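Data first, discussion second: the structure below is written as C-alpha cells.
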Amino acid sequence: MFFIAIVLSIFRSKVREALRSRIGQIKKTKEFFNNVQNNNLVYWFHSASHGEFEQIHPILHNLKEIQGSSIIVVSFSSPSGYKNVEDENIDLKIYLPLDFLWNTIRILKVIRPQKLIFAEYDLWPNYIWTAKWMNIQTTLFSARFYKKTIKLRPVIKNFYKNVYSSVSAIYTISELDHVNLKKVLIRNYPGVLRVLGSPRYDRVKSISVKSNQNNKNIYTINRSFRLVAGSVWPEDDRIVLESLIELTLKIDKFSFTWAPHEPDSNYIKETTRKLFSYGLTPELLSNVVTGTNSKCIIIDKIGYLAKHYWGAKFAYIGGGFSTGVHNVMEPAIAKLPTIFGPKYHNSHTAEELIKYGGGFTVNSNNEFINVIKKLIQDDSFYSNSSLASSEVINRNLGSSSRVLRGILSD
Numbered sequence: 001m002f003f004i005a006i007v008l009s010i011f012r013s014k015v016r017e018a019l020r021s022r023i024g025q026i027k028k029t030k031e032f033f034n035n036v037q038n039n040n041l042v043y044w045f046h047s048a049s050h051g052e053f054e055q056i057h058p059i060l061h062n063l064k065e066i067q068g069s070s071i072i073v074v075s076f077s078s079p080s081g082y083k084n085v086e087d088e089n090i091d092l093k094i095y096l097p098l099d100f101l102w103n104t105i106r107i108l109k110v111i112r113p114q115k116l117i118f119a120e121y122d123l124w125p126n127y128i129w130t131a132k133w134m135n136i137q138t139t140l141f142s143a144r145f146y147k148k149t150i151k152l153r154p155v156i157k158n159f160y161k162n163v164y165s166s167v168s169a170i171y172t173i174s175e176l177d178h179v180n181l182k183k184v185l186i187r188n189y190p191g192v193l194r195v196l197g198s199p200r201y202d203r204v205k206s207i208s209v210k211s212n213q214n215n216k217n218i219y220t221i222n223r224s225f226r227l228v229a230g231s232v233w234p235e236d237d238r239i240v241l242e243s244l245i246e247l248t249l250k251i252d253k254f255s256f257t258w259a260p261h262e263p264d265s266n267y268i269k270e271t272t273r274k275l276f277s278y279g280l281t282p283e284l285l286s287n288v289v290t291g292t293n294s295k296c297i298i299i300d301k302i303g304y305l306a307k308h309y310w311g312a313k314f315a316y317i318g319g320g321f322s323t324g325v326h327n328v329m330e331p332a333i334a335k336l337p338t339i340f341g342p343k344y345h346n347s348h349t350a351e352e353l354i355k356y357g358g359g360f361t362v363n364s365n366n367e368f369i370n371v372i373k374k375l376i377q378d379d380s381f382y383s384n385s386s387l388a389s390s391e392v393i394n395r396n397l398g399s400s401s402r403v404l405r406g407i408l409s410d
C-alpha cells in the first residue's frame, strides 16, 4: 500500500502532503506518553479522513463519559482529517505512521492501547498483524462488504482473507454486509462478528438537533423550491447542472445551490461562466453577506453545505456518476427527497432511501427533470418522500452505544 501511495504522490498533492506529514509522528507520540501515567487505559481510533471521523465522534463522547481518565488517540491517513477535526475528547491526534513493520512495532510499543479500532474501511495490514502478534485487540466497525467486492478476486483473495481474519472483532452495518463478510473470512474465524449499524446516523442527528433549535425552516412547508446539489463532481455537470439550468429557466419558483466536492477555483470559474451564458446570474457564497434571493448560488468554501439543506426542498448528492455517491445523510435528516446517480451501492443510507421512497436514482437528464417535476406537482408524493427520508435516519439511531458496548466488552 505504501508503494502505491508513493506512485500516487507524483501526481496528487494531497498524497504528497500526507506522506510528508507522517514524518516525526512516532517521536511526537513518545513525547506525549512520557507524561502519561501507566495505569491509564488507552484506546486508539483510526480514521481515513474527516468524513469517516464523523462516526467516531459520538463513540468518543460516550467513552469519555464512562471512562473519563482513559486516553484517546486518534490517527488519520489524510490531511482532511488531521487538519479539520477538532474534538475535546481527543487526547492525542497524529498522522498514522507509514505501514512498515518496524514502524508498527515501534508505535504500538509506545501506545500499548487497550484496543486499536478502525472505522469503516481503512485497514492497514502490518498494524493488524503486529497488534495480533503483541496480543492487542483490534476492532473494525461500520464495515461494509459488497457481493462483488474485489476482496474475493482470485489473485488477492488470500491476502484479504488473512488481513480480515486477523481482526479481533468486526461490526458490520447491515445483515447483508455480515453475510458478504463471511465469504472473505476463514471458515473458523475466531473473532467476534456483530451487526451494529453505523454511528454516523447518531452524529448527523445530534448536529441537526443542536443547529436547528431556533430554525423556522425546520418544516419543509416553510422552505422555498430550492434544490441543493452537494458534493458534485465534474461528471455530474452534463446531466445535473444542465437539468438544473433548464428547470430554473422554465419554472419561476425554482432555484438551486451548487456545491462542488472540491471547490477548485478553475472549476468554479468555468461553472460561473456556463451559468452566465444561459442568462443566469450566479452568486458565490463567499460574496454573500446577509442572505440572497439569487436563483443560483455556488458554495465556494468548505464547511457550509450541511446548513443549506435546511433551506431547501430537494437535494442532489454527487459521486453517483463517478466513484460512488457521497454523504446522503445530511439531506435525509433535513427531510429532503434526495436524488443521486446510479453508483450508490457504496452507501447503505442511499440503499435505504431508495427502498423506502426517500431517494431516487437517475441516469439521464429526462429522468432527473421528471423526478423534480413530480415532487413539485404532487404534494402527496413529496410529503411521503420527505417523511421517508428522515425516517431512514431515525430508524438507524443507537449504533454508537451498541458499538461502544462492543468495544468495551468483546
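For the record, in the sequence shown the residue sitting at position 118 is 118 according to the numbering used here, with numbers rising by one throughout.
Just so you know, even glycine gets a beta-carbon here, dropped at the ideal spot from N, CA and C.
Bear in mind the structure is a predicted one, so any value in this text is a computation, not a measurement.
Buried versus exposed call for residue i [16 or more other C-beta atoms within 10 Å across all chains shown]
{"i": "V403", "result": "buried"}
{"i": "W44", "result": "buried"}
{"i": "G279", "result": "exposed"}
{"i": "K355", "result": "exposed"}
{"i": "Q37", "result": "exposed"}
{"i": "D202", "result": "buried"}
{"i": "N366", "result": "exposed"}
{"i": "S211", "result": "exposed"}
{"i": "V392", "result": "buried"}
{"i": "E65", "result": "exposed"}
{"i": "F2", "result": "With a pLDDT of 47 at F2, under the threshold of 50, the predicted position of this residue should be treated as unreliable, and no value is reported."}
{"i": "I268", "result": "buried"}
{"i": "P331", "result": "buried"}
{"i": "E352", "result": "buried"}
{"i": "S400", "result": "buried"}
{"i": "Y344", "result": "buried"}
{"i": "R200", "result": "buried"}
{"i": "P97", "result": "buried"}
Alpha helix (DSSP H) segment containing residue i, residue limits
{"i": "L397", "result": "Run containing L397: none; DSSP gives neither H nor E here."}
{"i": "G81", "result": "P79 to N84"}
{"i": "A306", "result": "L305 to H308"}
{"i": "F276", "result": "S265 to S277"}
{"i": "I150", "result": "Neither: I150 is in no alpha helix (DSSP H) and is coded neither H nor E."}
{"i": "I252", "result": "The residue you asked about is not Ile; residue 252 is Asp in the sequence shown. Run containing D252: none; DSSP gives neither H nor E here."}
{"i": "H178", "result": "E175 to V184"}
{"i": "A332", "result": "M329 to I333"}
Three-state secondary structure (DSSP) of residue i
{"i": "T257", "result": "strand"}
{"i": "G359", "result": "strand"}
{"i": "F33", "result": "helix"}
{"i": "I339", "result": "strand"}
{"i": "L108", "result": "helix"}
{"i": "E88", "result": "coil"}
{"i": "G230", "result": "strand"}
{"i": "A169", "result": "strand"}
{"i": "K315", "result": "First, the residue type needs correcting, since residue 315 is Ala and not Lys in the sequence shown. Three-state result, A315: strand."}
{"i": "V209", "result": "helix"}
{"i": "L408", "result": "helix"}
{"i": "I372", "result": "helix"}
{"i": "I66", "result": "helix"}
{"i": "Y189", "result": "coil"}
{"i": "K27", "result": "helix"}
{"i": "E52", "result": "helix"}
{"i": "L285", "result": "helix"}
{"i": "K301", "result": "coil"}
{"i": "I10", "result": "The pLDDT assigned to I10 is 44, lower than 50, so where the model puts this residue is not dependable; a value taken from the coordinates is nonetheless given after this. In this structure, I10 counts as coil in the three-state DSSP scheme."}
{"i": "Y344", "result": "coil"}
{"i": "K157", "result": "helix"}
{"i": "Y164", "result": "helix"}
Nearest-angstrom beta carbon gap, residue j and residue i [assumed within contact, 8 Å]
{"i": "I299", "j": "K205", "result": "Not quite, the Cβ-Cβ distance comes to about 23 Å (not below 8 Å), so this is no contact."}
{"i": "L123", "j": "K161", "result": "That belief does not hold up - the Cβ atoms of L123 and K161 are roughly 13 Å apart, past 8 Å."}
{"i": "N396", "j": "G197", "result": "6 Å"}
{"i": "A119", "j": "I56", "result": "5 Å"}
{"i": "V179", "j": "T138", "result": "Not confirmed; about 22 Å, so no contact."}
{"i": "H46", "j": "I117", "result": "7 Å"}
{"i": "G320", "j": "P342", "result": "6 Å"}
First through last residue of the beta strand (DSSP E) which encompasses residue i
{"i": "W44", "result": "V42 to S47"}
{"i": "L140", "result": "Q137 to A143"}
{"i": "K115", "result": "K115 to A119"}
{"i": "F76", "result": "I71 to F76"}
{"i": "L123", "result": "Here L123 belongs to no beta strand (DSSP E), and DSSP marks it neither H nor E."}
{"i": "L193", "result": "V192 to V195"}
{"i": "I297", "result": "C296 to I298"}
Contact with chain D by residue i, beta-carbon distance below 8 Å
{"i": "E330", "result": "Among the protein chains of the structure shown there is no chain D, as only one such chain exists."}
Problem - Stretch-stretch touch, CB-based, cutoff 8 Å, three pairs: the region 18–37 with the region 373–385 - result: With the cut-off at 8 Å, the region 18–37 and the region 373–385 do not touch.
Practice task
Take every Cβ of the region 137–151, pair it with every Cβ of the region 89–109, and state whether three or more of those distances are shorter than 8 Å.
Solution key: Output reads no: the region 89–109 does not touch the region 137–151.
Exercise for the section: Kindly confirm or deny that the region 38–52 and the region 75–82 touch, where touching means at least three C-beta pairs closer than 8 Å. Expected result: Contact between the region 38–52 and the region 75–82 is present: three or more C-beta pairs spanning the two stretches fall below 8 Å.
Practice task
Take every Cβ of the region 309–324, pair it with every Cβ of the region 338–350, and state whether three or more of those distances are shorter than 8 Å.
Solution key: The region 309–324 vs the region 338–350: in contact.
Exercise for the section: Could you say if the region 222–231 and the region 251–264 meet the contact criterion of at least three C-beta pairs nearer than 8 Å? Expected result: The region 222–231, when compared against the region 251–264, does touch it at the 8 Å Cβ threshold.
Practice task
Kindly confirm or deny that the region 168–187 and the region 295–312 touch, where touching means at least three C-beta pairs closer than 8 Å.
Solution key: Cβ pair count under 8 Å is below three, so no.
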